[in-house]
Every structure is written in C-alpha cells, then in structure tokens.
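Chains L and R, in that order, give the protein sequences. Just remember that this note's numbering sits 35 ahead of the position in the first sequence, which is counted from 1. Just remember that this note's numbering sits 44 ahead of the position in the second sequence, which is counted from 1. Working notes for the structure below.
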Amino acid sequence: MTATATTRPSSPAPSLRTRLNDFGTAHRSITIIICMAIATTLLAFLPTVLPLNAIQKPQPWYDAFANAGVFVLLAMGLNVVVGLAGLLDLGYAAFFAIGAYTYAYSNSPYSNVDLPFLPMLVVGAGVAAIFGIALGAPTLRLRGDYLAIMTLGFGEIVPIVFLNLENWTQGTNGISAIYRPEPLPILGAFGALSSFNYFVLMAGIVTIAMALLYRLQDSRVGRAWNAIREDELAAAANGINTVTTKLLAFALGATTAGLAGVFNASKLTIVSPDQFYFTVSFTVLAMVILGGMGNIWGVAAGAFIVYMIQVVFLKQLNTIKEALGIPAFDLGPLHVDLNAINFTDYQFLLYGIALVLMMLFRPEGLFPSQRRRRELHVADEFAADLGEDIDAEPGIAGSLGETPGAEDLFGESAGEGSPGGER
Amino acid sequence: MTAIATPAVTHSTRSRAIRAIGLSVGALILYWLLLWAALVVVVGLPVEGAGPVALQQTVNALSIGAIYALIALGYTMVYGIIELINFAHGDIFMLGAFLSVVFLGGILGQTGAVEQIIPLTLMLLGALLFTMPLIGGLNVLIERSVYRPLRNAPRLAPLITAIGVSYILQNVALILAGSGDRSAPQIFPLSWQIQIGQASISVLSIFIFALAMVLMIALQTFVSRTRMGRAMRATAQDREASALMGVDMNQTISLTFLLGGALAAAAGVVWGLRFGYVRFDLGFNAGLKAFTAAVLGGIGNITGAVIGGFVIGFVENFSSSLGYSRWSEFLVFMILTFVLIFKPTGILGQASGDRA
Numbered sequence: 036m037t038a039t040a041t042t043r044p045s046s047p048a049p050s051l052r053t054r055l056n057d058f059g060t061a062h063r064s065i066t067i068i069i070c071m072a073i074a075t076t077l078l079a080f081l082p083t084v085l086p087l088n089a090i091q092k093p094q095p096w097y098d099a100f101a102n103a104g105v106f107v108l109l110a111m112g113l114n115v116v117v118g119l120a121g122l123l124d125l126g127y128a129a130f131f132a133i134g135a136y137t138y139a140y141s142n143s144p145y146s147n148v149d150l151p152f153l154p155m156l157v158v159g160a161g162v163a164a165i166f167g168i169a170l171g172a173p174t175l176r177l178r179g180d181y182l183a184i185m186t187l188g189f190g191e192i193v194p195i196v197f198l199n200l201e202n203w204t205q206g207t208n209g210i211s212a213i214y215r216p217e218p219l220p221i222l223g224a225f226g227a228l229s230s231f232n233y234f235v236l237m238a239g240i241v242t243i244a245m246a247l248l249y250r251l252q253d254s255r256v257g258r259a260w261n262a263i264r265e266d267e268l269a270a271a272a273n274g275i276n277t278v279t280t281k282l283l284a285f286a287l288g289a290t291t292a293g294l295a296g297v298f299n300a301s302k303l304t305i306v307s308p309d310q311f312y313f314t315v316s317f318t319v320l321a322m323v324i325l326g327g328m329g330n331i332w333g334v335a336a337g338a339f340i341v342y343m344i345q346v347v348f349l350k351q352l353n354t355i356k357e358a359l360g361i362p363a364f365d366l367g368p369l370h371v372d373l374n375a376i377n378f379t380d381y382q383f384l385l386y387g388i389a390l391v392l393m394m395l396f397r398p399e400g401l402f403p404s405q406r407r408r409r410e411l412h413v414a415d416e417f418a419a420d421l422g423e424d425i426d427a428e429p430g431i432a433g434s435l436g437e438t439p440g441a442e443d444l445f446g447e448s449a450g451e452g453s454p455g456g457e458r
Numbered sequence: 045m046t047a048i049a050t051p052a053v054t055h056s057t058r059s060r061a062i063r064a065i066g067l068s069v070g071a072l073i074l075y076w077l078l079l080w081a082a083l084v085v086v087v088g089l090p091v092e093g094a095g096p097v098a099l100q101q102t103v104n105a106l107s108i109g110a111i112y113a114l115i116a117l118g119y120t121m122v123y124g125i126i127e128l129i130n131f132a133h134g135d136i137f138m139l140g141a142f143l144s145v146v147f148l149g150g151i152l153g154q155t156g157a158v159e160q161i162i163p164l165t166l167m168l169l170g171a172l173l174f175t176m177p178l179i180g181g182l183n184v185l186i187e188r189s190v191y192r193p194l195r196n197a198p199r200l201a202p203l204i205t206a207i208g209v210s211y212i213l214q215n216v217a218l219i220l221a222g223s224g225d226r227s228a229p230q231i232f233p234l235s236w237q238i239q240i241g242q243a244s245i246s247v248l249s250i251f252i253f254a255l256a257m258v259l260m261i262a263l264q265t266f267v268s269r270t271r272m273g274r275a276m277r278a279t280a281q282d283r284e285a286s287a288l289m290g291v292d293m294n295q296t297i298s299l300t301f302l303l304g305g306a307l308a309a310a311a312g313v314v315w316g317l318r319f320g321y322v323r324f325d326l327g328f329n330a331g332l333k334a335f336t337a338a339v340l341g342g343i344g345n346i347t348g349a350v351i352g353g354f355v356i357g358f359v360e361n362f363s364s365s366l367g368y369s370r371w372s373e374f375l376v377f378m379i380l381t382f383v384l385i386f387k388p389t390g391i392l393g394q395a396s397g398d399r400a
C-alpha cells in the first residue's frame, strides 16, 4: 500500500517503483482509496476460486472478512494510541463495548427504538469518544505503565457494569435481536445471510478510517504525537500542548473502537458483556504489535492476517486432523490422542508466545514503520558503538541500563534526564 | 526511587512495632463495629445477631487480605527493583495454587480434611516447601529468559512481554487442567472453629493470617538485616550506584523474583485450603487486586503492600458481607482509579516526580 514509501532512499534514475511511491506520498487519500478498492475486489474474488473455495464456501469467507474488518478497525484505532502517541491502553475493549451498547440501545426491541444505521455509526463513535475523553482527562498525566494499569481497570469495570446493571442491560444475556442496518443503495438489504454486503460495508468504513488516520498522521497533530512519543519534555518545550494532544489520540482511538462496536453489534445482532473482556484488548494489542506499531497499513494487515489465522487456519487444522483420523496411542504412561486436541484452544497461547518473541527479537513488528524501527534500536546501536555486549558484565549492565539515547516509549528518558526524579 | 523501604533498625523499632500492632488492632475493632452497623442498617439484621456475624467476617477479611498481601509483595518488590509491572505475577500465584493441588492431591493423595495436628502440620509444611522453591525458581527462569534481555529496552517492551508471559502461563494451565474449576483438597479441617460468644471463628482463617504474618516478618527481616537484603535495597534506591559499589545486579534481581514467586506460591497454597478450588484464570483477578493493593500501599514499599493487601481484603469483604459481592471488583478498580489519580504515591510511598 502506501506508507512504506516515505523514507526509502530513491535510486538515481526514478524507476516505476519510486514514481509510484512519490505518487503515493503526494496523493495519499487517493492512493488509499485505490489500494483498498483493489484489496476489496481481490478479497471479493478470491473465495470463488481455488484454493480458498476448497476450504469453505464464499459466504463464510465474506463473513470472516467482515469480522476481520472489525479487528482491523480496532487495531488501527489502538495503533493511534499505542503506535503513534506511545500510550499503552489495555482497556481498549471498553470503548468497543460502549459503541456496541450505544447501537444496541438505539436499534433494538429492548429499547423499542429504531434509528438509522449510518448516523448511528457516527453517534456510537462519538459516545465512545466522550468516554475516551472522560477516562483520558484525569489519567493521561500518569506515567506510561500506570496509565496501562488504569486503562486495564477501566476495561474491567465497563463489562462488570454492563453485567451487573441487569435492570438496564439484561445482564449476562445481553441485548439481543438488534436491528440490522437499513438497506443501502447498490448493496441492498442486510440479512443474516448477506455477508457480502457486510463485507463491502466494512471495506468502506475501513477505507474512510484509514484515509482519515493517514491524513492525521501526516498532519501537525501526527507530528506532535511523534514528538511526544519520542521525548515528551522536548515536545512540551517546543510548544506542543501535550495534554490535549495525548487526549486527542486517546479520543481518536476510542472513536475508532466505537465505530467497530456499532458495526459489530449490527452484524451479530446481540451484545453481551462477555464479548468485551480483557481477551479482546489483548488480541487487538497482539495484532498491533505483530503488525508493527505506528504503521497504519501494517497494523491493518497484521490484524487481518491474525484474525484469519485465528478463525480459518486453526479451524482448518482441526478439520484436517479429523480427516486424517490419527489413532490414539500410548507412549509408556503417556496417552497421546491427537484427536482430542482442539487447535483453536491454543489461540491465546500462540498470541502470548508471539508477543514475547516479537518483543525479544523484532519489537518493531512484521511491517515496521521506519521511524519506530530506528527508535526501538537506538539502544542496540549505542551498545554496538561501545563494541561490547550489554549483558556481558553484570556490573556494567546496570550502568548501561540508562543509555542517554534509550528513551522509553513514553518520551521520558529512562535515566538521569528525567525531571524531578529522586536520583 | 523509593527503596523497598524498611526503616533502619533503630532503638525505636520496638516502640514502632507496638504502635503498629496497636493501630492494627484498633483498625480491626473499628472495622468490626463498622460492619456491625452496616449489617444492621443495610441488610437489616437484628442488632444482637449482627455482632457475631460481623466478627466472623472480620476474621475472614483478615485471611483474604493476607492472601492479597502475599501476592502484592511480589509486585511491589519487582517494581521497586526494576520498575516493571510484572503482569505475569498473578499467574505465578495461580500456578502455585495448582502445584499445591498437585502435591496434596496428586502426590500425597489427600482429598479431605486431616484432623490430627502433626500430620496436618507436616503436610502443610511439605506443600509450602514443595511449591515455594519451584514457583520461585520458575519466576527466576522467566526473568532470566525474557525480562533480562529487555532490561535496557524501551519501557513498554518488558511490560508487553509480561502480558504475553501472563497469557502463556494461563493457557498452559488451561491446556493441562481444563477450563473448569478443579477442586483443591482442603486438608485443613473447616470444622475447627473457636466459639466466642455466638460467633464461631474459623481456625483456618487465623492460620492463614498467622502464616502470612510469619512470612512477611521473615521477608522484612531478610531485607533489612542481611547482606543480600541490603543489596536489594541499594539496587532499588539507585541501580547504577549500587552496581558501581559492587552489588551483583543480576543476582539481586533474580533474588527478588525468587522471593516474590515464593510468596505468591505460599498464597496459592492457602488459596486452595481456603476456597477449595483452583482455576486457570484465577491469577488475573487476584493479580489485579494484589496490584491494586501494592499501588494503594505505595508501590515499591513492602510495608505498604501488606497494608494495601489488607485494605483490599477488607473492602472486598465489606461489599460481599452486605450482599454486593458482584460489585466488589468494581469497587477495587474504583479504588485503583482514585488512588492513581489523586495519590499515585499511595499510603506509604514517597513523592517522586518521575513516578506519576
């Protein structure tokens, strides 16, 4: 897609590739729309041909794509908070829940209201943004890891409240029989079987969100986020209002999650508290980290791939395993029965392992943004300059622990540069 | 940085201890009276009937608070030394609880209560001696393999890694033990009760409290009186300077993880005795509550973590005694929120511009 273009050194004679890259940089939104259109067409076409149509029919494929779109939106939104502004938000699912419940109240027999879908998309996002600001305003002055725990607490509180306020939310049962979106021009009506329509609608929402986010990233605000992430003190000294800028990132993340929530509620036609527990926040975080923090299209691609692995690949492993019919056998005292393994159970184990491995070996993600890669490897370069392994000597490890260049993700220098510290 | 603060041993230690005990007893009596009043006003129990109930609940609160305090110590020590919120610590506790079930139920084959004192003592000691080193060792292993390489990385990296580790541990337990509750052998007889007036006080609760107290005093003594404890305090105060003074950084950090893991394992053992079940996702909520306790007490401060643990235990007990147990988690998280917003240094933490 587009983002890789910006920092690649151009060869002397402009090749087709560089010219495309230049076009992408110059006309970002058009490029995004074209790329998304191509991607959507491809995705619409692929399930009808081999090998994908051998795995399952096109209908479930479109369904999976539409659901993946929800996570793509969530990941792009979390990327604004974590990747661009460098704030760790572990309660992201709360905003997803707020968007979903907003739609549920405006479009269900429970509340006996039926408002149109497209305006509700904006309203749901707006309500989520209000909650984002309400949570962010008092907490964003906290330092990074405290903010993470705060948001984690908020993320736990929201489902608990939805669960316990039975008189207003129907508790564990949730709000069901939510109305689907009204028929849209060209696409037609939305029903339980119109996965394709949901898929196209989702592609449209993702395209708009992506174009907007790219424009924001390239704008004054986006540069302010970069500055804050890299060095908050320097950013403040240069006249950036760090509080409002961070708050904006938080609110934008919440907005995107709200959009995803509204869409998800209209597609599933049911919202219940158990859809919004910490596992959702964790999954989205894993997607952002895998995709590459700070790189919008990378994060979107990461979310899409992770979701497809989760719902298609792991399920297919089960089917293949069942088809093979490997007999159970005994290895001494150990009873081995491959048929008892349900690969989808291993999903979160895989995410956990992936997170740890990525942090250890490739913290910039699979599709890194150039800027983040340089940031994350400053410490390595510093160590390389010294020509010795940081961990080689225990006594030195501590003193190198705060290399002058090793700024942490929250923009404070980890070491002696931090203001007001006791040391 | 706040040291893993322990007051230097001075002539006033004894008078401070006496004052602390006096304050604690006062707080207990206050809680008892408060709960008594609340039971009468909110639940509508008769005045003379509510007193014994409140007394029983007070003792229960002590035992659950002791469990949170034991877990919170691990959070606070690790944070004090390397400023990492060890997200996986709750799951370390959960594994401790599982391991104790493996020992008592699997290896010893116990299912019910053991009424004789000597075998019971031996079994409990065995469970503690079995789980504490193993879980502590596991914690050290985790530190060595995944946190140590990230010690100089940007701050977010180890935190995200810890979240990943937490999920790995949780899912390993899920795969090995399944998703439901697994019953834990309650070898401590629940029928042992002490009658005080109409109130029957559970001996188990008193035992849990006493065990936690012994472990905490042992930890406090270790940290304040031994050479390695001094190394820990020095490292917490200033990592670079203590390294320059010849403190072995890696050894000290490993020791911190070992102690934290061992205490969490002890908490896991008593959890099984007290609640009679273990489950793979036990660590998440217990960990969050214990973390709240550590923050409430002032993170990095051992005494603070203990106080915070008991406060959280009492808050939870208060809401569940009044029939609002569904809201107890909500309450705990609200406490976390308000402490972080209004007094991020906690009850005993020192002011530090870097911290919040």
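Here a beta-carbon is modelled for each residue, glycine too, at the ideal position from N, C-alpha and C. A quick note: this is a predicted structure, and the numbers were derived from the prediction, not measured.
Here residue 126 (chain L) is not near residue 166 (chain L), since their CB atoms are 8 Å or more apart. The Cβ atoms of residue 293 (chain L) and residue 163 (chain L) sit closer than 8 Å to each other.
Using beta-carbon distances, residue 130 (chain R) does not count as an interface residue toward chain L, since no partner is under 8 Å. Contact between residue 120 (chain L) and residue 264 (chain L) holds, since their C-beta atoms are separated by about 6 Å, short of 8 Å.
Per DSSP, residue 107 (chain R) is not a residue of any beta strand (DSSP E); the alpha helix (DSSP H) it occupies stretches across 91-126. Residue 223 (chain L) is bridged by DSSP to L:219. Under a 10 Å Cβ-count criterion, residue 149 (chain L) is classified as exposed, with fewer than 16 other Cβ atoms of the shown protein chains found around its own Cβ. Taking all protein chains shown into account, residue 252 (chain L) has 16 or more neighbouring C-beta atoms within 10 Å of its C-beta and is therefore buried. Restricted to the stretch 118-179 of chain R, the alpha helix (DSSP H) segments that are unbroken, complete and at least 4 residues in length are 133-145, listed in chain order. For residue 247 (chain R), the nearest beta carbon of chain L is not closer than 8 Å to its own beta carbon.
Its chain contains 291 and 296 as the residues whose beta carbon lies nearer than 6 Å to that of residue 275 (chain R), once the 5 sequence neighbours on both sides are disregarded; these appear in chain order. Across the structure, residue 118 (chain L) and residue 110 (chain L) are spaced so that their CA atoms are roughly 10 Å apart. Under a criterion of Cβ atoms nearer than 8 Å, the residues of chain L adjacent to residue 380 (chain R) are, in order, 184, 185 and 188.
Against chain R, the CB of residue 309 (chain L) has no partner CB under 8 Å away; the residue lies outside that interface. The C-alpha of residue 244 (chain L) is placed about 20 Å away from the C-alpha of residue 137 (chain L).
Taken atom to atom, the span from the alpha-carbon of residue 328 (chain L) to that of residue 407 (chain L) is near 7 Å. Contacts between residue 204 (chain R) and chain L, judged by CB atoms closer than 8 Å, involve 123, 320, 324, 390 and 394 in chain order. As a beta-bridge residue in DSSP terms, residue 143 (chain L) pairs with L:148.
Contact with chain L is found for residue 373 (chain R), since one of that chain's Cβ atoms lies less than 8 Å from the residue's Cβ. Between residue 191 (chain L) and chain R, the shortest Cβ-Cβ separation is below 8 Å. Membership of residue 405 (chain L) in the alpha helix (DSSP H) is indicated by the continuous run 405-411. Shown here, residue 176 (chain L) sits in coil according to DSSP, grouped into three states, outside any helix or strand. Not flagged as an interface residue toward chain R: residue 66 (chain L), since no C-beta distance is shorter than 8 Å. Its Cα nearest to that of residue 143 (chain R), the residue R:324 stands out among R:361, R:324 and R:102.
Taking a contact as a CB-CB distance under 8 Å, the pair residue 229 (chain R) and residue 155 (chain R) counts as one, their CB atoms being some 5 Å apart. For residue 380 (chain L), the C-beta contacts it makes with chain R under 9 Å involve 215, 218, 219 and 223, in order along the chain.
In the displayed model, residue 168 (chain L) falls within a helix according to three-state DSSP.
The stretch 180-187 of chain R and the stretch 99-111 of chain R do not touch, with fewer than 3 CB-CB distances between them shorter than 8 Å. Residue 278 (chain R) and residue 170 (chain R) have their alpha carbons spaced roughly 34 Å apart. Within a 10 Å sphere around the beta-carbon of residue 92 (chain L) sit fewer than 16 other beta-carbons, which makes this residue exposed. Contact between the stretch 394-405 of chain L and the stretch 310-330 of chain L is established, with three or more Cβ pairs separated by less than 8 Å.
The DSSP-derived three-state label of residue 372 (chain R) is helix. Under the DSSP definition of a beta bridge, residue 239 (chain R) partners with R:244.
DSSP places residue 127 (chain L) in the coil class of the three-state scheme, outside both helix and strand. Residue 353 (chain R) counts as buried, since no fewer than 16 other beta carbons sit within 10 angstroms of its beta carbon.
Contact between the stretch 51-58 of chain L and the stretch 227-235 of chain L is not established, with fewer than three Cβ pairs separated by less than 8 Å.
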